[in-house]
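What follows is one structure encoded as structure tokens, with my remarks underneath.
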Amino acid sequence: MNTRFTNDLRIDGDRLIRRIEELATVGPIEGGGSCRLALTDEDRAGRDLVGAWMSEIGLSVSVDAIGNVIGTRPGRINGPPIMTGSHIDTVRTGGRYDGNLGVLAGLEVVETLERHGVQTEHPVAVAFFTDEEGARFPPDMLGSLVYVGGLGLEAALDIVGIDGAIVGEELARIGYRGIAPCPGPVPHAFVELHVEQGPVLEAEGITIGAVTGVQGISWTELTITGQSNHAGTTPMNLRHDAGYVAAAIAVHLRHLALEMSDGRSDRQVATAGRLDLHPDLVNVVAGLATMTVDLRNTDEKLLRDAEAELARFVAETATAEGVTVAERTLARFEPVVFDDRVVETVAGVATELGHSVRQMPSGAGHDAQMLARVCPTGMVFVPSRDGISHNPAEYTAPADLVAGADVLLHTLLALDAADFDNETKRIVEGRNQ
Ligand code: HGY
Ligand code: MN
Ligand code: MN
């Protein structure tokens, strides 16, 4: 087996797209997307399909205690792997590329190395991590967070979902509560391929994003308790309307993001994604409202400013309306900066392969932001048509999918030859103290 690679190695684009299309048929929804919420039967079916592909191509497949699935191809040495991967769980209105592309491109990397008899120095590992979306079980990136030791296994297994289900029970129910230990082995390096899910690359006519990092994420659940009352007989000044307060908060989030984007930050975003009223009837003033707030910013100080402004508004509005508000943090991750040696490798490989490339931060959360805690990490982006994602209309042109997978292949090969080991050892020693 030769251990040198030449830059005419290319993945099999037709097979990559065929697998993306086949996986999209698992948990299909109107418009060609998928709904595979974490640890549901649909997620199990997706896991079974991709796990079977991993075995078919000769990977040795392991499942860890939080359900992360990792397929490994041996390298010349039996050391830390060069690792890639992403997720195959989706949101309720999932597209066919979010997460899936990164996992299936990882399989393509392995098949291409096999086909050309290329032996890497390090083992090659391809992972799909549990519950990256966090939509059913917050926080997002749950599996990769546990993999790197950012959250204890028992705490993760006890998480209760938006439907009252419990992570540990659901993992067991679908047969993916594995035995491989968490935290998992520290990789030599980690690179994730992902669709951008935003408008930048398409707007600039650029094929590859060399991702510099991930913005900070702040998820909060607000439970607003007022007083249900008759919609017709209750004067406005006697109401304690939880529905009004929830709506006022949702509107304030928009103003807050726009005001911050005028002056202090061009990247403040704010979303009220969930909003439930009780008793949810046309003629009853809502006595209870439950809602979520998603705040993000590339700058940690500005993200804290946004959180403080929201808390001020909530307290002021609640007092004026005579309601109480209970807050529960669902996720809180500071902005992450990727290792510039990996970022530059992605950019250099993309250029060498003849693709246009620009460096950029990620607006979405990714498993890579967790792996960045333990090893040199980076990401490869490819364009999203109209910047749409978390929507069945999500689309990336086949040529861009293939370009991204080829950049992933050659980036992993370049990192395989890189001597990060001192860096990785330092981190592991630091973590084991
Ligand atoms: O929320 C996110 O950014 C990711 O899709 N989990
Ligand atoms: Mn994703
Ligand atoms: Mn997503």
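So the numbering used here is basically just the index in the sequence shown, starting at one, shifted up by 2. Positions of the beta carbon are idealized from the N, C-alpha and C atoms, including for glycine.
Suppose the cutoff is 6 Å on Cβ atoms and the five residues either side in sequence are ignored; what does the same chain contact list for residue i look like?
i, result
"V327", "L224, I226, V316, A320"
"V339", "G215"
"N285", "A233"
"G163", "R138, F139"
"L203", "G211, P385"
"R387", "Y397"
Quick one: grab the DSSP three-state call for residue i.
i, result
"I13", "coil"
"N285", "coil"
"H257", "helix"
"Q121", "coil"
"L153", "coil"
"P400", "helix"
"D45", "helix"
"M381", "strand"
"G218", "strand"
"V339", "strand"
"F139", "coil"
"I86", "Correcting the residue identity first, residue 86 is Thr in this sequence and not Ile. Three-state DSSP puts T86 in a strand."
"T74", "strand"
"F130", "strand"
"G81", "coil"
"V28", "coil"
"R306", "helix"
"M3", "Low local confidence applies: a pLDDT of 34 at M3 is under 50, so the model's placement there is unreliable, and no value is given."
"N231", "strand"
"F422", "coil"
"R98", "coil"
"H392", "coil"
"A205", "helix"
"T413", "helix"
"D264", "helix"
"D50", "helix"
"R179", "coil"
"E329", "strand"
"I168", "strand"
"A107", "helix"
"A191", "strand"
Which one of the options has the shortest CA to CA distance from residue i?
i, options, result
"N80", "D369, G151, P187", "P187"
"L144", "T398, P82, V169, G275", "V169"
"R78", "V287, T92, V126, M85", "V126"
"A401", "N9, D10, L18", "L18"
"G389", "G207, T42, V65, L260", "G207"
"V112", "S386, L410, A419", "L410"
"L147", "H124, A352, A395, M372", "M372"
"G275", "V384, A137, G265", "A137"
"D45", "G96, G60, I59, D16", "G96"
"P185", "T42, A67, A157", "A67"
"T86", "S230, I161, H124, Y246", "H124"
"L414", "T236, T27, P189", "P189"
"G356", "V325, A250, H412", "H412"
"G228", "V128, P281, A352, I72", "P281"
"L155", "P183, E171, A249, D165", "P183"
"T294", "K303, R266, A248", "A248"
"F422", "A167, L61, P83, I161", "P83"
"S263", "A308, T331, Y246", "A308"
"G344", "V382, R49, L115, A322", "Here the sequence assigns Val to residue 344, which means Gly is not the residue at that position. Nearest of V382, R49, L115, A322 to V344, Cα basis: V382."
Report back the beta-carbon spacing between residue i and residue j to the nearest angstrom; my notes put them in contact at under 8 Å.
i, j, result
"R375", "G152", "6 Å"
"I219", "F335", "5 Å"
"P140", "W221", "6 Å"
"T209", "P385", "7 Å"
"R94", "L25", "Rounded, the Cβ-Cβ distance is 17 Å, inconsistent with contact."
"D418", "E194", "Not confirmed; about 16 Å, so no contact."
"V63", "I90", "V63 to I90, Cβ: 14 Å. No contact."
"G200", "G365", "5 Å"
"E110", "A407", "5 Å"
"L290", "L312", "L290 to L312, Cβ: 20 Å. No contact."
"G33", "A399", "With 8 Å as the limit, G33 and A399 do not qualify as a contact, their Cβ atoms being about 18 Å apart."
"P378", "A129", "That belief does not hold up - the Cβ atoms of P378 and A129 are roughly 16 Å apart, past 8 Å."
"E135", "T74", "No, E135 and T74 are not in contact; Cβ-Cβ is about 25 Å, not under 8 Å."
"V287", "N239", "The pair is not a contact, with the Cβ atoms about 13 Å apart (cut-off 8 Å)."
"S88", "H196", "6 Å"
Among the residues of its own chain, which have a CB less than 7 Å from the CB of residue i, if the five just before and after it don't count?
i, result
"G69", "T132, G145, L173, Y178, R179, G180"
"A349", "A212, V359, Q361"
"L304", "M262, R266, S267, Q270"
I'd like the list of long-range same chain contacts for residue i, defined as Cβ closer than 8 Å, with 5 residues on each side in sequence excluded.
i, result
"A54", "none"
"I22", "R98, Y99, N102, L103, L106, L403"
"V430", "The predicted position of V430 is uncertain, since its pLDDT is 47 and thus under 50; no value can be drawn from it."
"A252", "A274, L277, M293"
"N9", "E354, L355, H412"
Check: Whose beta carbon lies closer than 5 Å to any heavy atom of ligand 1, going through the chain in order?
Finding: Having a Cβ closer than 5 Å to some heavy atom of ligand 1 are E135, D142, A366, G367.
Check: Taking a cut-off of 5 Å, which residues have a beta-carbon closer than that to any heavy atom of ligand 2, in chain order?
Finding: Residues whose Cβ lies closer than 5 Å to any heavy atom of ligand 2, listed in chain order: D100, G101.
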